[in-house]
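Asks: Starting off with a structure, shown below.
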Amino acid sequence: MTMNARRLAGVAACAALGFITIHGAWATDPVLPDWSGWWGQGDAPARSFITDPPPLRKEKQREAAQRQPGEIGRGLFCGPATFTGFNGSFVVNFEFLFTPGRVTITNEGGLIRRIYTDGRRLPLNAEPSSSGTSVGHWEGQTLVIETIGISPTAQLGRFGPIGKNARIVEHIRLKQKDILETVVETSAPDLFTATDRRTYLSGRVPGKQAPQEANFCSERDRSYDAKSGKERFDTTPPADLPPPPAQ
Amino acid sequence: MAAKMPGMLTRMGILAAAFGLLTVCGRASAHHSYSMFDAAKQRTVSGTVAKLEWMNPHAFVWLYVRQPNAPGKYDLYAFENGSVNALTRLGWSATSLKAGDRITVEYWPVKDGRMGGHLNTATLPDGRVLRGAGGPEVRDGRAPAPAFELPKLQQSQH
Numbered sequence: 099m100t101m102n103a104r105r106l107a108g109v110a111a112c113a114a115l116g117f118i119t120i121h122g123a124w125a126t127d128p129v130l131p132d133w134s135g136w137w138g139q140g141d142a143p144a145r146s147f148i149t150d151p152p153p154l155r156k157e158k159q160r161e162a163a164q165r166q167p168g169e170i171g172r173g174l175f176c177g178p179a180t181f182t183g184f185n186g187s188f189v190v191n192f193e194f195l196f197t198p199g200r201v202t203i204t205n206e207g208g209l210i211r212r213i214y215t216d217g218r219r220l221p222l223n224a225e226p227s228s229s230g231t232s233v234g235h236w237e238g239q240t241l242v243i244e245t246i247g248i249s250p251t252a253q254l255g256r257f258g259p260i261g262k263n264a265r266i267v268e269h270i271r272l273k274q275k276d277i278l279e280t281v282v283e284t285s286a287p288d289l290f291t292a293t294d295r296r297t298y299l300s301g302r303v304p305g306k307q308a309p310q311e312a313n314f315c316s317e318r319d320r321s322y323d324a325k326s327g328k329e330r331f332d333t334t335p336p337a338d339l340p341p342p343p344a345q
Numbered sequence: 095m096a097a098k099m100p101g102m103l104t105r106m107g108i109l110a111a112a113f114g115l116l117t118v119c120g121r122a123s124a125h126h127s128y129s130m131f132d133a134a135k136q137r138t139v140s141g142t143v144a145k146l147e148w149m150n151p152h153a154f155v156w157l158y159v160r161q162p163n164a165p166g167k168y169d170l171y172a173f174e175n176g177s178v179n180a181l182t183r184l185g186w187s188a189t190s191l192k193a194g195d196r197i198t199v200e201y202w203p204v205k206d207g208r209m210g211g212h213l214n215t216a217t218l219p220d221g222r223v224l225r226g227a228g229g230p231e232v233r234d235g236r237a238p239a240p241a242f243e244l245p246k247l248q249q250s251q252h
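Same order as they appear, the protein sequences are chains A and B. Numbered per this note's numbering, the first sequence spans residues 99 to 345. Numbered per this note's numbering, the second sequence spans residues 95 to 252.
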């Protein structure tokens with residue numbers, strides 16, 4: 099075999115290997131549903147916790163009762179976006195990106211979840227991270243996601259940090275063309291006495307093409323003093339205010 | 095597909111959608127508690143827009159308000175509002191309010207007596223009303239106008 103022929107054979111082998119790899123990854127995914135666009139859940143999940151309280155441990159009930167809804171614990175301000183069961187956190191929109199062997203979920207608060215659907219299994223010991231470590235599979239048109247390795251300090255609303263060894267299972271499916279149903283089961287032994295199970299709906303946001311960044315960690319937060327950890331109402335006028343109206 | 099759902103499930107879905115419609119609201123209570131604002135009081139003030147600070151996590155509206163007993167003198171009022179994201183969903187933009195615009199603001203006053211509070215609505219000279227996002231109303235479990243509505247679930251064909 100000449101040098102050129104060997105090179106040609108090598109290129110062909112690489113191409114075939116790449117095809118097999120890609121095809122193999124897609125092969126584990128079914129015909130995927132249309133989940134394009136952005137999805138909004140508003141604060142429906144947060145309100146579901148009001149109407150249907152989770153099975154909080156007693157000491158966590160006491161701690162939660164001492165917090166105002168929406169209160170941020172000291173030291174948690176300006177933390178990274180975290181996943182504790184709700185893809186839109188509690189207020190922002192989210193999207194799905196389908197690639198071979200993987201679903202990526204992002205939200206407007208900066209969350210990125212990489213969910214591998216290529217058949218791999220969860221690691222025995224997942225390094226804690228903001229989004230956790232996720233694998234998924236399709237049961238028909240329902241995406242089932244299992245997540246572990248969530249950072250113990252990730253905040254589940256005003257119930258506090260989710261704690262160690264949390265495990266979240268989601269079943270996500272289209273209920274109708276523009277309505278997504280998510281069933282989320284959260285096992286968080288430091289926080290709950292039993293698995294918390296709740297269902298919430300999300301709606302496809304009409305006409306929305308681009309994310310609206312929702313970075314709550316601004317350099318100038320007039321409502322919260324990151325140094326003291328206390329809320330405030332900062333009325334220091336902006337430096338560039340125009341003068342009052344002329345008479 | 096959904097039209098094939100059993101009637102009971104569909105009715106539950108409609109209820110759930112209705113619940114979602116009621117609860118899908120603007121920037122909610124995730125950032126802070128709003129406890130510095132008096133949820134039991136609503137005030138109204140008219141003035142001239144000094145600036146709309148279009149920023150996260152809370153936009154701020156600055157308003158010059160004429161002092162009633164001192165001609166030519168103005169007070170500067172500050173109004174907290176929701177996040178850029180939530181306000182955009184409610185129809186706001188960075189140019190919704192411009193310096194010099196005359197507006198009327200309904201707000202929950204700040205408890206410590208300073209001039210301002212959390213914006214509930216801003217009424218423009220042409221009568222249009224921009225709803226604020228967040229505020230003590232949310233904290234107390236009463237949702238303001240929905241930022242967007244979930245599409246209605248289809249009725250069962252049964």
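Each residue gets a CB set at the ideal place from its N, CA and C atoms; glycine is no exception. The model shown is predicted, which means the values in this text are computed figures rather than measured ones.
1. Output yes or no for whether 7 Å exceeds the beta carbon distance between tryptophan 136 of chain A and valine 282 of chain A.
2. Could you give the distance in angstroms between the alpha-carbon of glutamate 329 of chain A and the alpha-carbon of arginine 320 of chain A?
3. Say whether chain B places a C-beta atom closer than 7 Å to the C-beta of threonine 333 of chain A.
4. Identify the residues that DSSP records as bridge partners of valine 201 of chain A: which are they?
5. Would you mind telling me which residues of chain B sit closer than 7 Å to leucine 339 of chain A, beta carbon to beta carbon, in chain order?
6. Among B:Tyr158, B:Leu146, B:Asp132, B:Pro203, whose alpha-carbon lies nearest the alpha-carbon of valine 178 of chain B?
7. So which residues of chain B does glutamate 206 of chain A contact, with C-beta pairs closer than 8 Å?
8. Helix, strand or coil: how does DSSP classify glutamate 157 of chain A here?
9. Measure from the C-beta of arginine 196 of chain B to each C-beta in chain A and report whether the shortest distance is under 7 Å.
10. Would you call the stretch 238 to 252 of chain A in contact with the stretch 212 to 226 of chain A, where contact means no fewer than 3 C-beta pairs closer than 8 Å?
11. So asparagine 179 of chain B is in the alpha helix (DSSP H); what residue range does that whole segment cover?
12. Which stretch, first to last residue, makes up the beta strand (DSSP E) that contains isoleucine 148 of chain A?
13. When the distance is taken between beta carbons, is proline 230 of chain B closer than 7 Å to arginine 137 of chain B?
14. Does DSSP put arginine 222 of chain B in a helix, in a strand, or in coil?
15. Say whether chain A places a C-beta atom closer than 7 Å to the C-beta of threonine 117 of chain B.
16. Under a CB-based cut-off of 7 Å, is proline 336 of chain A close to chain B?
17. Using the C-alpha atoms, what's the distance from glutamine 253 of chain A back to aspartate 150 of chain A?
18. For isoleucine 148 of chain A and proline 131 of chain A, what's the separation of their Cα atoms in angstroms?
19. Judging by CA-CA distance, which residue of A:Lys275, A:Pro198, A:Thr231 is the nearest neighbour of alanine 264 of chain A?
20. Does DSSP classify arginine 330 of chain A as helix, strand or coil?
21. Using three-state DSSP, classify isoleucine 118 of chain A as helix, strand or coil.
22. Quick one: is glutamate 268 of chain A buried, meaning 16 or more other Cβ sit within 10 Å of its Cβ, or exposed?
23. Could you tell me whether any Cβ in chain B is nearer than 7 Å to the Cβ of serine 232 of chain A?
24. Using only the alpha-carbon positions, how far apart do proline 198 of chain A and glutamate 237 of chain A sit?
25. Would you list, in chain order, the members of the stretch 197 to 209 of chain B that have their beta-carbon closer than 7 Å to a beta-carbon of chain A?
26. With tyrosine 201 of chain B as the anchor, note down where its beta strand (DSSP E) starts and where it stops.
27. Determine, using beta carbons only, whether aspartate 288 of chain A comes closer than 7 Å to chain B.
28. Reducing DSSP to helix, strand and coil, say where proline 230 of chain B ends up.
29. Could you work out which residues of chain B lie near alanine 190 of chain A, taking near to mean beta carbons separated by less than 8 Å?
30. In chain order, what are the residue ranges of uninterrupted beta strand (DSSP E) at least 3 long that sit wholly in the stretch 270 to 330 of chain A?
31. Glycine 210 of chain B by DSSP, collapsed to three states: which one?
32. Tell whether a beta-carbon distance below 7 Å holds between valine 143 of chain B and aspartate 195 of chain B.
33. Classify arginine 218 of chain A as helix, strand or coil using the three-state DSSP reduction.
34. Check the Cβ of alanine 172 of chain B against every Cβ in chain A and list those closer than 7 Å, keeping chain order.
Replies: Looking at the coordinates:
1. no
2. 9 Å
3. Closer than 7 Å to some Cβ of chain B, the Cβ of threonine 333 of chain A qualifies, so yes.
4. A:Phe196, A:Ile213
5. Ala144, Lys145, Trp156
6. Checking every option, the nearest Cα to that of valine 178 of chain B belongs to B:Leu146.
7. Asn179
8. helix
9. no
10. Flag = yes, the stretch 238 to 252 of chain A and the stretch 212 to 226 of chain A touch.
11. 178 to 183
12. Segment 142 to 149 is the alpha helix (DSSP H) holding isoleucine 148 of chain A; no beta strand (DSSP E) there.
13. no
14. coil
15. Because threonine 117 of chain B carries a pLDDT of 29, less than 50, the predicted location of this residue cannot be relied on, and no value is offered for it.
16. Taking 7 Å as the threshold, the shortest C-beta distance from proline 336 of chain A to chain B falls below it.
17. CA-to-CA, the gap between aspartate 150 of chain A and glutamine 253 of chain A works out to about 19 Å.
18. One Cα belongs to isoleucine 148 of chain A, the other to proline 131 of chain A, and the distance between them is close to 32 Å.
19. A:Thr231
20. Arginine 330 of chain A: coil per DSSP, three-state reduction.
21. Its pLDDT being 46, under 50, isoleucine 118 of chain A is placed unreliably in this model, and the value from its coordinates should be taken loosely. Helix at isoleucine 118 of chain A.
22. buried
23. no
24. Taking the straight line from one Cα to the other gives about 16 Å.
25. Val204, Arg208
26. 196 to 203
27. Not closer than 7 Å to any Cβ of chain B, the Cβ of aspartate 288 of chain A fails to qualify, so no.
28. It is helical.
29. Per the sequence shown, residue 190 of chain A should be read as valine rather than alanine. Correct list: Asn179.
30. 277 to 285, 294 to 302
31. In the three-state DSSP reduction, glycine 210 of chain B falls in the strand class (E or B).
32. yes
33. DSSP places arginine 218 of chain A in coil when its eight states are reduced to three.
34. Thr333
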